[in-house]
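> Here the numbering used here is used: position 25 in the sequence shown is 309, and no number is missing along the way. Cβ coordinates follow ideal geometry from the N, Cα and C atoms, glycine included. Sharing a structure with you now.
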Amino acid sequence: MNAGPQTRESVDLTRYFARIGFAPTGVDGKPPADTATLATLHGLHTASIPFEAIDVLLGRGVDLTPQAVDAKILDGRRGGYCFEQNGLFRRVLAAIGYRVEPLMARVLWGRPAGAPAQPRTHMVLRVDHGGTPWLLDVGFGSVVPTAPLRLDTVTPQETPHDSFRVVPSASELLLQVRRHGDWLPVYQMSQDRPEDADFEAANWYTSTHPSSHFARSLIVARVDREARFTLLNDRLTVRRPGAEPEISQLDADGIERTLDGVFGLPVAADWRPVIERAALAG
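In structure tokens, the structure reads:
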């Protein structure tokens, strides 16, 4: 596995825009580097590129080199997890002209209160634009924000799916989401600037450690204006704004159809053992 940095490489914006279905109106094939563009790209990215870590289940590891990420996501029409997706998005935003920096976060979503702390294994982006710091994250699966979020206010921020808020937590920032009247922790962000080696180590841990849920479960997610779609092994959950979640149990053939039809993934023949294990996991 080669998990090198993504920071010094450019990106083919034409290929990226085609992947997410975006037609820029700016000069030289670039949209204006403004707040509206941030929101548009964030929404189109999360709707078009699914969150998935199937390569981990296939034992291939996750290669973070820009060439590998672009070949996989842009040309191969695959998805990826946070290091791939936010690494790609970081290069896109920098190419357009934004000032963008990565941050590392400790995932709290789905963990019981008081559980031992886990390593920082999530990558997010901070964009400073127009005097405002913004959180952008296109790689957090089932609860990914569906719009950029301000980092300079504790006021709840509505998005097409869910209300979020960012609150101080010791020397870090805590992202919370409102569900069923409660504010639930999503992840805690360090404000220190990480090194590329920090992402390499976190990616290695996330893609190879036996305790990583990506090494044990089939997890796929996508969100568009209609709904959040989440596949966890054999369970498909569809969460529409203002409605109760719709949950379906799938057999192996149903999982394969869902990977293709709901998530737009190019299912390969060698995925079948992974799919069959997922069908038995429930």
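Which residues in the same chain have their Cβ closer than 6 Å to the Cβ of residue 384, if we skip the five residues on either side of it in sequence?
Correct list, in chain order: 374, 377, 378, 409, 411.
> Just the C-alpha distance for residue 519 and residue 422, rounded to the nearest angstrom, thanks.
The alpha-carbon atoms of residue 519 and residue 422 are separated by roughly 22 Å.
> Which value, in whole angstroms, describes the spacing of the CA atoms of residue 544 and residue 387?
Spanning the two alpha carbons is a distance of roughly 32 Å.
> Just confirm the distance between the C-beta atoms of residue 427 and residue 461, as a whole number of angstroms; I'd bet it's less than 8 Å.
Confirmed, Cβ separation roughly 6 Å.
> What is the rounded straight-line gap between the Cα of residue 300 and the Cα of residue 358?
So the alpha carbons of these two residues sit roughly 6 Å apart.
> Would you kindly work out how many angstroms separate the C-alpha atoms of residue 295 and residue 542, rounded to a whole number?
Answer to the nearest angstrom: the Cα atoms are 30 Å apart.
> Say whether the segment 325-340 touches the segment 500-517, bearing in mind that this needs 3 or more beta-carbon pairs closer than 8 Å, one atom from each stretch.
Touching, yes, given that three or more Cβ pairs across the two stretches are closer than 8 Å.
> Distance check for residue 498 and residue 559, CA to CA, integer angstroms please.
Cα to Cα, residue 559 sits roughly 14 Å from residue 498.
> From 474, 346, 455, 420, pick the residue whose C-alpha is nearest to that of residue 448; which is it?
It is 420.
> With DSSP run on the structure shown, which of helix, strand or coil describes residue 429?
In this structure, residue 429 counts as coil in the three-state DSSP scheme.
> So for residue 466, helix, strand or coil by DSSP?
Reduced to three states, the DSSP call for residue 466 is strand.
> Going by beta carbon distance, what residues of the same chain come within less than 6 Å of residue 521, once the five residues before and after it are set aside?
So the qualifying residues of the chain are 514, 529, 531.
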